[in-house]
Amino acid sequence: MNILEQLRQITPEIMSAFPCIEVMYLFGSYAQNKEEPDSDADIAVFTDTTATAMTDLELGVFLENKLQKTTEVVIMQHVSPILQHEVLKHKIRIFEKDPQTRAKLECLSARFYFDACYVQDQRANWRRRQWLTSPSFSDY
Numbered sequence: 021m022n023i024l025e026q027l028r029q030i031t032p033e034i035m036s037a038f039p040c041i042e043v044m045y046l047f048g049s050y051a052q053n054k055e056e057p058d059s060d061a062d063i064a065v066f067t068d069t070t071a072t073a074m075t076d077l078e079l080g081v082f083l084e085n086k087l088q089k090t091t092e093v094v095i096m097q098h099v100s101p102i103l104q105h106e107v108l109k110h111k112i113r114i115f116e117k118d119p120q121t122r123a124k125l126e127c128l129s130a131r132f133y134f135d136a137c138y139v140q141d142q143r144a145n146w147r148r149r150q151w152l153t154s155p156s157f158s159d160y
């Protein structure tokens, strides 16, 4: 049984043990069918406000015990918009409590991503202008 099938099979146990999970995704090498024998399982979750600072670690240990595979868990609200975008670009959704909540969370993540891209572009343009107008540039 592959990781995806295993995750879907144990989803009721996961949801019972971690009711704070709103949406769960598989991403990374397993989601892209590029896994190696030593690949870890990459899991991303959106959580509600009842999640604790230890939720990612507790879920990781829980999944490692169930899957017998090294597992990395990221809580989407705690990572950069760039990583959120990468997760959502290459994800396989395992579970969602409510489709509308999932859609809102994914849209919010996309908005943060586009905001982050805009800020990065503005910073890069500012640095470029600073470099072009610096006295040392005229030496070239």
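Take the sequence shown: its letters are residues 21 to 160, numbered as in the numbering used here. Even glycine gets a Cβ: it sits at the ideal position worked out from N, Cα and C. Predicted, not measured: the structure shown is a model, and the values here were computed from it.
{"query": "Within 8 Å, strictly: CB atoms of TYR50 and ALA61", "result": "yes"}
{"query": "Same chain only: Cβ atoms within 8 Å of PHE132, ignoring 5 sequence neighbours per side", "result": "PRO101 and GLN104"}
{"query": "Continuous alpha helix (DSSP H) stretch holding THR31: start and end", "result": "23-37"}
{"query": "TYR50 in three-state terms, based on DSSP", "result": "coil"}
{"query": "According to DSSP, residues forming a beta bridge with GLU92", "result": "ASP62"}
{"query": "Range covered by the beta strand (DSSP E) that runs through GLU116", "result": "112-116"}
{"query": "DSSP three-state assignment for GLU42, whether helix, strand or coil", "result": "strand"}
{"query": "6 Å CB neighbourhood of THR90 in its chain, flanking five on each side removed", "result": "ASP60"}
{"query": "Range of the contiguous alpha helix (DSSP H) that encloses ASP68", "result": "No alpha helix (DSSP H) contains ASP68, which DSSP labels as neither H nor E."}
{"query": "Cα-Cα separation, GLN120 to ARG149", "result": "44 Å"}
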